[in-house]
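*Asks:*
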Amino acid sequence: MESPPGPETVIDGVRYLYFAGTSYMGLHGDPEVIEAGCDALRRYGVHTATSRTGFGNSPLQLEVERSAAAFFGMETSFYFSSGYAGNHIAVQALAKDADVIYIDAEAHYCVQEAAALARKPVQTFNHRDAEDLRSKLTRGVRPLVMADGVGPSNGRMAPLAEYVRVLSDFAPAILHLDDAHGVGVLGANGRGIYEHCGLWSHVNGGPDRDGVSLSMCGTLAKALGGFGGIIPGTAAFVERLRKASHYFDGASAPASPVAGCSLKALEISRTEPQRRERLRANIKQLRDGLREMGVAVTDEPTANVGALIGNAGVMQKLHAALRAQGILVPYVPSYSGTGPDGLMRMAVCAEHTEAMIARLLHAVQEFLTTRP
Ligand SMILES: Cc1ncc(COP(=O)(O)O)c(C=O)c1O
8 MESPPGPETV IDGVRYLYFA GTSYMGLHGD PEVIEAGCDA LRRYGVHTAT
58 SRTGFGNSPL QLEVERSAAA FFGMETSFYF SSGYAGNHIA VQALAKDADV
108 IYIDAEAHYC VQEAAALARK PVQTFNHRDA EDLRSKLTRG VRPLVMADGV
158 GPSNGRMAPL AEYVRVLSDF APAILHLDDA HGVGVLGANG RGIYEHCGLW
208 SHVNGGPDRD GVSLSMCGTL AKALGGFGGI IPGTAAFVER LRKASHYFDG
258 ASAPASPVAG CSLKALEISR TEPQRRERLR ANIKQLRDGL REMGVAVTDE
308 PTANVGALIG NAGVMQKLHA ALRAQGILVP YVPSYSGTGP DGLMRMAVCA
358 EHTEAMIARL LHAVQEFLTT RP
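Counting in the working numbering, the sequence shown runs from 8 upward without gaps.
(1) Can you say whether methionine 322 is buried or exposed, counting buried as having 16 or more other CB atoms within 10 angstroms of its CB?
(2) Just reading off the alpha helix (DSSP H) that threonine 305 is part of, what are its end residues?
(3) Which runs of the beta strand (DSSP E) fall wholly inside the region 75-155 and span at least 3 residues, in chain order?
(4) Can you find the residues in the same chain that come closer than 8 Å, C-beta to C-beta, to alanine 47, ignoring five residues on each side of it along the sequence?
(5) Let me know the secondary structure DSSP gives valine 321 once reduced to three states.
(6) So is leucine 144 in contact with chain B if we call contact Cβ pairs under 7 Å?
(7) Between the alpha carbons of valine 17 and threonine 55, how many angstroms are there, rounded?
(8) What are the partner residues of alanine 180, as DSSP defines its beta bridges?
(9) Could you give the C-beta distance for alanine 357 and methionine 32, rounded to a whole number, given that I count them as a contact under 8 Å?
(10) Say yes only if the C-beta of aspartate 155 is nearer than 6 Å to one or more non-hydrogen atoms of ligand 1, and no if none qualify.
(11) Since valine 336 and leucine 329 are thought to touch, with beta carbons under 8 Å apart, how far apart are those beta carbons, to the nearest angstrom?
(12) Does threonine 376 come out as helix, strand or coil in the three-state DSSP assignment?
(13) Relative to the C-alpha of threonine 83, which residue among Arg249, Arg366, Thr309 and Ser160 is closest?
(14) Any contact between the region 369-379 and the region 179-193? By contact I mean 3 or more CB pairs, one from each, below 8 Å.
(15) Hey, is the region 204-220 in contact with the region 33-53, meaning 3+ C-beta pairs nearer than 8 Å?
(16) Just to confirm the assignment, what range does the beta strand (DSSP E) spanning threonine 55 have?
(17) Counting only the same chain and skipping the five closest in sequence on each side, list residues whose C-beta sits under 7 Å from that of phenylalanine 78.
(18) Where do the N-terminal and C-terminal ends of the alpha helix (DSSP H) with arginine 277 fall, by residue?
(19) In angstroms, rounded to a whole number, what distance separates the CA positions of valine 107 and leucine 101?
(20) Return the CA-CA distance between glutamate 70 and lysine 143, expressed in angstroms with no decimal places.
(21) Please name the residue in Asp155, Tyr170 and Glu169 whose C-alpha comes closest to that of arginine 163.
(22) Using C-beta distances below 6 Å, list every residue in its chain close to aspartate 111, excluding the 5 sequence neighbours before and after it, in chain order.
(23) Where does glycine 349 sit, in a helix, a strand or coil, going by DSSP?
(24) Measure from the alpha carbon of phenylalanine 244 to the alpha carbon of each residue in Gly236, Leu221 and Gly235, then state which is nearest.
(25) In the DSSP assignment, what residue or residues form a beta bridge with valine 210?
(26) Quick one: residues in its chain with C-beta nearer than 7 Å to the C-beta of alanine 75, no 5 flanking neighbours on either side, listed in chain order?
(27) Would the beta-carbon of tyrosine 342 be found less than 6 Å away from any heavy atom of ligand 1?
(28) Considering only the beta carbon of each residue, do valine 219 and valine 171 sit closer than 7 Å?
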């Protein structure tokens with residue numbers, strides 16, 4: 008990639024209509040975001056060159072945490088260098104109150120690795136299958152269930168209400184979701200899958216829901232247009248997480264330029280809800296259009312759409328045919344949640360126009376009607 012990600016992106020010198028990646032709000036190339044990053048770099052240098060205890064707490068890190076807290080409507084937040092680490096940070100604290108970790112078999116790599124490092128027995132359950140989860144649970148054994156809020160490649164939402172219903176029969180229980188692809192996209196304020204499902208007030212230090220403690224972690228690097236991991240919560244919850252691992256006192260905070268970008272991107276995400284409205288309209292146009300031509304996709308309001316179109320060979324050809332027309336849609340052969348044939352992973356952002364999405368749909372339709 009030789010340009011910022013956006014509706015049009017330059018790859019190997021060619022400008023493509025780009026339906027890939029995760030910059031769902033279209034902010035990673037935003038001039039104000041870029042200028043904020045440059046300004047932060049000039050003001051604070053690359054970063055504090057020490058961990059956050061001692062001398063390493065710059066005003067910028069604290070401002071990002073305040074701004075993220077405002078975005079999520081929470082007391083405070085913890086900002087750290089990578090969303091990948093968020094599950095590890097959370098689980099170091101949460102696993103203390105659980106006997107066994109149950110993990111969605113297709114959860115993202117970082118969820119799997121975090122569970123493995125928690126020093127508790129780990130079992131898997133079938134992808135998004137609350138009844139399979141139920142069949143693995145045992146009364147008297149306190150479960151910690153871990154999954155993605157939204158599948159990174161297939162775009163499918165976790166069956167949240169079903170998980171809570173099942174887990175309430177085995178209370179006290181904990182449900183932790185990595186909402187990397189839900190934050191910024193789902194919910195009235197973009198707070199993610201829990202907000203979308205009306206459970207936000209219970210999350211990250213809020214009261215249990217039917218005996219189930221709910222938690223999440225997120226990233227600023229995807230929809231929100233910045234960089235770094237984020238965990239919002241009550242002051243007590245965030246303090247507990249900060250102390251349970253050494254990301255706060257043993258690692259550099261996110262670098263100044265990305266913190267500066269994140270701060271501006273968070274402000275735009277919070278104060279310009281019309282961007283999310285545009286993203287929603289784009290998601291609907293893409294999903295409706297695919298369904299109308301017989302491609303099996305759901306009507307979930309997620310911005311990444313995993314479409315199984317024929318088998319692996321057909322999808323490789325579709326990818327190549329689209330690319331030859333200047334349209335980039337990745338064929339993902341294997342990733343968490345792709346299934347054995349892989350899938351076409353289409354992503355829309357707020358900056359795509361109706362005409363751009365119509366062009367993609369038309370090209371897919373043409374391929375489907377003309378291929379032998
Ligand atoms: C579900 C999920 N969690 C976490 C991450 C990593 O987040 P970050 O890029 O902020 O490290 C990804 C990245 O692709 C992801 O898909």
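Even for Gly, the Cβ is constructed at its ideal location relative to N, Cα and C.
*Replies:* To lay it out plainly:
(1) Working through the sequence shown from its first residue, we reach residue 322 at position 315. Buried.
(2) As a working mapping, residue 305 is identified with position 298 in the sequence shown. Run containing threonine 305: none; DSSP gives neither H nor E here.
(3) 83-87, 107-111, 129-132 and 150-155
(4) In the sequence shown, the residue the question calls residue 47 occupies position 40. Here the set comprises Leu67, Ser263, Pro264, Ala266, Gly267, Cys268 and Leu270.
(5) Within the sequence shown, residue 321 is the residue found at index 314, counting from 1. Residue state, collapsed to three classes: helix.
(6) No chain B is part of this structure, which consists of one protein chain only.
(7) Taking the first residue of the sequence shown as 1, we reach residue 17 at position 10. Taking the first residue of the sequence shown as 1, we reach residue 55 at position 48. Going from the Cα of valine 17 to the Cα of threonine 55 covers about 33 Å.
(8) Translated into positions along the sequence shown, residue 180 becomes position 173. Note: alanine 180 sits in a beta bridge opposite Val219.
(9) As a position in the sequence shown, residue 357 is number 350, starting the count at 1. As a position in the sequence shown, residue 32 is number 25, starting the count at 1. Between methionine 32 and alanine 357 the Cβ distance is about 5 Å, and since that is below 8 Å, they are a contact.
(10) Along the sequence shown, one-based indexing puts residue 155 at 148. Correct: aspartate 155 has its Cβ closer than 6 Å to ligand 1.
(11) For the purposes of this step, residue 336 is taken as residue 329 along the sequence shown, with counting starting at 1. For the purposes of this step, residue 329 is taken as residue 322 along the sequence shown, with counting starting at 1. Yes, valine 336 and leucine 329 are in contact; Cβ-Cβ is about 5 Å, under 8 Å.
(12) Within the sequence shown, numbered from 1, the residue matching residue 376 stands at position 369. Looking at threonine 376 - three-state DSSP - the assignment turns out to be helix.
(13) Counted from its first residue, the sequence shown places residue 83 at position 76. Ranking Arg249, Arg366, Thr309 and Ser160 by Cα distance to threonine 83 puts Arg249 first.
(14) Three or more beta-carbon pairs separated by less than 8 Å are not found between the region 369-379 and the region 179-193, which leaves the two stretches without contact.
(15) no
(16) Here residue 55 corresponds to residue number 48 of the sequence shown, with the count starting at 1. No beta strand (DSSP E) contains threonine 55, which DSSP labels as neither H nor E.
(17) Taking the first residue of the sequence shown as position 1, residue 78 is located at position 71. Hits under 7 Å: Leu273, Ser276 and Arg277.
(18) Numbered from its first residue, the sequence shown carries residue 277 at position 270. Element bounds for arginine 277: 263-278.
(19) Taking the sequence shown and counting its residues from 1, the one referred to as residue 107 is at position 100. Taking the sequence shown and counting its residues from 1, the one referred to as residue 101 is at position 94. Valine 107 and leucine 101: Cα-Cα distance of roughly 11 Å.
(20) One-based indexing of the sequence shown puts residue 70 at position 63. One-based indexing of the sequence shown puts residue 143 at position 136. Taking the straight line from one Cα to the other gives about 43 Å.
(21) As a working mapping, residue 163 is identified with position 156 in the sequence shown. Distances from the alpha-carbon of arginine 163 to those of Asp155, Tyr170 and Glu169 put Asp155 closest.
(22) Mapped onto the sequence shown, residue 111 falls at position 104. Closer than 6 Å at Cβ, skipping near neighbours: His134 and Ala154.
(23) Along the sequence shown, one-based indexing puts residue 349 at 342. It is coil, neither helix nor strand.
(24) Numbered from its first residue, the sequence shown carries residue 244 at position 237. Out of Gly236, Leu221 and Gly235, Leu221 has the C-alpha closest to the C-alpha of phenylalanine 244.
(25) Numbered from 1 along the sequence shown, position 203 holds the residue referred to as residue 210. Secondary-structure assignment with DSSP links valine 210 through a beta bridge to Leu221.
(26) By one-based count along the sequence shown, residue 75 stands at place 68. Once the five neighbours on either side are set aside, the close Cβ partners of alanine 75 are Ser84, Tyr86, Ile237, Pro239 and Leu273.
(27) The residue given as residue 342 occupies position 335 in the sequence shown. Flag unset: Cβ of tyrosine 342 not near ligand 1.
(28) Locating residue 219 in the sequence shown gives position 212, counting from the first residue. Locating residue 171 in the sequence shown gives position 164, counting from the first residue. Yes, the Cβ-Cβ distance between valine 219 and valine 171 is below 7 Å.
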